[in-house]
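Take a look at the structure below.
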Amino acid sequence: MVLGISTVVSFLCSIVKFTYNLFFGKVYINPTDFEEGWFGRGPRPKNDDKPTQAKQTDGNSDHRDSHLPSDTQTTSRCGRKIKQPLKVFPLLITHGWPGTFYEFYKMTPLLITPRPDQNFVFEVVCPSIPGYGFSESPCQKGFNAIAAARIFRNLMNRLGHTRFFVQGGDWGSFISTILAKYYTQRILGVHVNMLSGMPKSWDLVKATLVAYFPSLIPAAEYKAFYPFLEKVKLLIAESGYFHLQSTKPDTIGCALADSPVGLAAYILEKYSTWTDKENHSSSDGNLTKKFTLDELLTMIMIYWVNNNFTASARFYKENIGNTTPEKRPLSVPSGIALFPKELLMLPRWLISRSVTNLVSYTVMPRGGHFAAFEEPQLMAEDIWNFVSLVQKNRNY
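For the sequence shown, my numbering gives the first residue as -1, with consecutive numbering after it.
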């Protein structure tokens, strides 16, 4: 009997230790080389087998002005006639998982259309993280969020943007904040709709105090984070995918690459529960409450036709134990949009030490994890307001 109890206790301790290391420490996992590139699986072709080279440009990637009507070229790069020239702020928007660039198709028109109350407009760049969407998969191991940020910085260089704003949620928030931390002089401001971090001991004490004294924080923030135990339960219930993709991405990848129905079920479940946990009790998951079937199928097909679910899952494995960015403060102008149904978010009073230049913190009336896809109007409005505040403070 004693031996049996000892075995159970030992097993439980092993699970706790592994889970702790998974989220807070360095986990050493036998890596899987990324052997997929433009040539597909298998060895890279020999030099004499490489495909015909595409037509080269002159290095200038922005040819839009030459295609605009002549009477609007001098007033707006957005192709719309306006009364006076506008400032054009480049805005790099990055998606997460299981999303793609398609998340932003409803929000983008709201950002590139000039507004009468603003003297600026956005030039939006929505790339796919390598291994997602129509971006080819990384060809070597170790491709994490820091590497993705470096690639996106180079992309903006090629587009001629030396300074720009960044925005993102999910992995996009990690990549955006890394850009802001590593390339401070290049980033005009960073706006995210998901911000996470490792709380310190004093932070946990403050969280406990707030639980007993709700008046210490705004009511909207309290409602978004408490009761705290319920939030923890939700996070545990919805993080099974994270454990799987952080340890054995190829296992689930092979299964879903062979079944379009399986792929759809695995991904669409996230669009149901991450939009609102109450969708659990609905017979159809309320999938069409925030999205149309065409929108959902488009998102699924982007993964299916490119056969890159496995590569997108590997991105989790490559980022486990990568705590280096957490050690750097976020000093560029920062804006945070808190959507109440988001799975993971930090309240304002827990981020003051890590975000040293917080310009805006907005608690939204509704919305969940896929904020730009669910509530494009709310998200676009907050981005406009954030950049407007930054512009006034910095005189851009």
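The C-beta atom is built at its ideal place from N, Cα and C for all residues, glycine as well.
Check, Outcome
"Just confirm the distance between the C-beta atoms of P128 and F141, as a whole number of angstroms; I'd bet it's less than 8 Å.", "7 Å"
"CB-CB under 8 Å to N391, same chain, minus the five flanking residues each way: which ones, in chain order?", "P331, V357"
"Report the option in T92, P258, K85, H278 whose CA atom is closest to the CA atom of F120.", "K85"
"Which residue or residues does DSSP assign as beta-bridge partners of H189?", "Q165, G333"
"Please list the terminal residues of the continuous alpha helix (DSSP H) segment that includes L261.", "258 to 271"
"Kindly list the residues whose CB is nearer than 7 Å to the CB of L285, restricted to its own chain and excluding five residues on each side of it in sequence; keep chain order.", "L266, Y269, S270, L294"
"Between F162 and L90, which are expected to be in contact by the criterion C-beta below 8 Å, what is the C-beta distance as a whole number of angstroms?", "6 Å"
"Please return the same chain residues whose Cβ sits closer than 6 Å to the Cβ of G94, not counting the five positions on each side in sequence.", "G167, D168, W169, G170"
"Would you decide whether R156 is buried or exposed? Buried here means 16 or more other CB atoms lie within 10 Å of its CB.", "exposed"
"Tell me whether L328 sits in a helix, a strand or coil according to DSSP, three-state version.", "strand"
"Rounded to whole angstroms, what is the Cα-Cα separation between F337 and P216?", "15 Å"
"Tell me the DSSP secondary structure of F118 in three-state form.", "strand"
"From the DSSP output, read off the bridge partner residues of V303.", "Per DSSP, none; premise fails for V303."
"Using only alpha-carbon positions, find the residue among P247, F118, P363, S133 that is nearest to W382.", "F118"
"Taking only the alpha-carbon atoms, compute the straight-line gap between T106 and R113 and give it to the nearest angstrom.", "14 Å"
"Helix or strand or just coil, what does DSSP make of I349?", "coil"
"With DSSP as the reference, label P88 as helix, strand or coil.", "strand"
"Quick check on K339: buried or exposed, where buried means 16 or more other Cβ atoms within 10 Å of its Cβ?", "buried"
"In angstroms with no decimal places, state the Cα-to-Cα distance between I334 and F307.", "29 Å"
"Can you give me the start and stop residues for the alpha helix (DSSP H) that S244 sits inside?", "238 to 245"
"Check whether the Cβ atoms of E219 and R346 sit closer than 9 Å, and answer yes or no.", "yes"
"Checking the sheet assignment: what are the DSSP bridge partners for L356?", "S332"
"What does DSSP give as the partner residue(s) for V361 in the beta ladder?", "L336"
"Along the chain, where does the alpha helix (DSSP H) containing S386 start, and where does it finish?", "374 to 392"
"Around the C-beta of A147, are 16 or more other C-beta atoms found within 10 angstroms, so that it is buried, or is it exposed?", "buried"
"At which residues does the alpha helix (DSSP H) containing M105 begin and terminate?", "Neither: M105 is in no alpha helix (DSSP H) and is coded neither H nor E."
"What residues in its chain sit with their C-beta under 7 Å from that of Y314, if we drop five residues either side in the sequence?", "F240, Q243, S244, P247"
"Considering only residues of the same chain and omitting the five flanking positions on each side of P258, which have a CB-CB separation below 7 Å?", "W302"
"Determine the direct distance from the alpha carbon of P327 to that of Y359, and round the result to whole angstroms.", "17 Å"
"For the alpha helix (DSSP H) that contains T286, what are its first and last residues?", "285 to 288"
"Is the Cβ-Cβ distance between T290 and G366 less than 9 Å?", "no"
"Check for me: the alpha helix (DSSP H) holding N152 runs from which residue to which?", "143 to 156"
"Comparing alpha-carbon positions, which option in N320, A309, A235, S279 lies nearest L342?", "A235"
"Please classify V230 as buried or exposed, where buried requires at least 16 neighbouring CB atoms within 10 angstroms.", "exposed"
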